[in-house]
Structure formats: C-alpha cells, structure tokens
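Data first, discussion second: the structure below is written as structure tokens.
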C-alpha cells in the first residue's frame with residue numbers, strides 16, 4: 002500500500018468514515034458478499050464500478066432483493082430508485098475521493114448522491130485508485146473531464162461533452178451535472194464505508 006492510499010485511509014477515519022483497502026476487486030467483492038446477508042435488501046446507485054465487479058449478479062444468486070434502476074424498464078425507474086434509497090445496504094461508487102478523505106459526486110437525478118448520506122442503513126462506496134485526487138478542485142476537474150463526459154456518451158445524451166469529450170458547463174435539456182455533493186464527514190444516520198481497491202474501476 003503506497004503513502005497516498007495510507008493518507009486517504011487515515012483521513013477517512015479522522016472523518017469518522019469507515020475505510021478499508023483491498024488489492025483487487027475480487028478481494029473487495031468477497032468481503033462485501035460476506036457482509037451483505039441474504040435476507041438484506043440492497044439498493045444500487047448508478048455505478049460502472051459495481052457493474053464491472055458484477056456484484057449485482059452475485060447478490061441476486063445469493064437471494065437478495067435488489068433495487069437497481071439499471072435493471073428495470075424506464076417506467077419503473079423512479080419507483081426502484083425510491084426503494085433503493087431505503088434499502089438495508091446501498092452499494093455505489095464515488096466520482097472522486099480526495100487525499101483529505103472527502104467524497105465528491107455530481108449527479109443528474111440526485112438519487113445516488115442522496116442515498117449516500119441519508120436513507121439506507123449501511124452504505125458501501127467502492128472506489129478504484131484512479132478516482133483518488135489531491136484536493137477538491139482536482140476532484141471536480143476529474144469528474145467533469147472523465148466521469149461526466151463518458152457517462153454522457155454511454156447514455157447517448159445530447160450534450161456538448163458527449164460530442165467533444167470536454168465539459169462546456171452547458172444548459173442542455175440533457176444536462177446531467179445537476180447536483181454536486183461533498184461528503185466531508187460521516188452522515189449522522191448512516192453507517193458509511195469506503196472500500197478502496199488497488200485497481201482502476203469505473204470512471
């Protein structure tokens with residue numbers, strides 16, 4: 002484990018946010034599957050990291066009830082997002098994690114970021130080392146340059162960033178950068194856990 006990761010872990014703990022480090026996504030997945038019992042409901046926020054780890058597939062096999070709007074038809078998405086927000090466990094990632102231990106996220110609907118700090122009993126945020134940034138400014142820059150543009154392209158959004166690969170701070174009807182949050186400490190009513198993985202995951 003290098004010095005940057007050690008610094009992030011210590012600063013998360015200072016902020017009363019539980020933190021663990023795993024060398025591989027397989028190690029992280031195994032621990033998560035141990036922690037999430039088969040009788041627990043699981044909400045999932047829009048996350049390429051969770052998808053890449055195939056956590057939802059393993060949890061479905063374990064008999065968990067999964068609420069993830071990516072798995073349902075458009076007409077059901079709103080209802081599923083609401084159910085996910087009050088699940089026993091909420092799984093997601095973060096768009097950026099600063100060396101000081103702050104989680105930065107930019108959302109379109111807002112369900113993912115809201116559920117990270119209010120609603121579920123336990124939140125597990127899985128974060129690849131590619132999302133660690135030096136500070137808040139570099140974190141926001143990273144999100145706009147990488148996460149937002151790639152998500153816009155993935156979702157076929159008609160935004161300037163989907164066409165150019167660069168943020169233009171647009172006011173497009175398809176704009177996704179609508180809600181920006183910074184988690185600077187443990188939310189009072191949520192058991193917040195950040196699991197850092199020594200691999201590149203998501204974007």
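Numbering (this note's numbering), first residue to last: 2 to 204.
Every residue gets a Cβ at the ideal spot worked out from N, C-alpha and C, and that includes glycine.
If we call anything under 9 Å between Cβ atoms a contact, is residue i one with residue j?
i: residue 99; j: residue 107; result: no
i: residue 26; j: residue 180; result: no
i: residue 21; j: residue 195; result: yes
i: residue 51; j: residue 68; result: no
i: residue 86; j: residue 112; result: yes
i: residue 143; j: residue 97; result: yes
Just how far apart, CA to CA, sit residue i and residue j?
i: residue 44; j: residue 16; result: 24 Å
i: residue 13; j: residue 164; result: 36 Å
i: residue 156; j: residue 149; result: 10 Å
i: residue 38; j: residue 127; result: 18 Å
i: residue 64; j: residue 41; result: 9 Å
By the DSSP assignment, the alpha helix (DSSP H) with residue i in it spans what residues?
i: residue 19; result: Run containing residue 19: none in the alpha helix (DSSP H); it sits in the beta strand (DSSP E), 19–23.
For residue i, which of the options has the nearest alpha-carbon?
i: residue 138; options: 178, 183, 78, 121; result: 183
i: residue 173; options: 144, 160, 167; result: 160
i: residue 136; options: 30, 51, 101; result: 101
i: residue 8; options: 177, 146, 103, 140; result: 103
i: residue 124; options: 36, 49, 77; result: 36
i: residue 186; options: 96, 118, 33; result: 118
For the putative contact between residue i and residue j, defined by C-beta atoms under 8 Å, what is the C-beta separation to the nearest angstrom?
i: residue 201; j: residue 110; result: Actually they do not touch by this definition, with Cβ atoms about 26 Å apart.
How far does the beta strand (DSSP E) with residue i in it reach, from first residue to last?
i: residue 198; result: 192–198
i: residue 122; result: Segment: none, residue 122 is in no beta strand (DSSP E) and carries neither H nor E.
i: residue 32; result: Not the beta strand (DSSP E): residue 32 falls in the alpha helix (DSSP H), residues 26–36.
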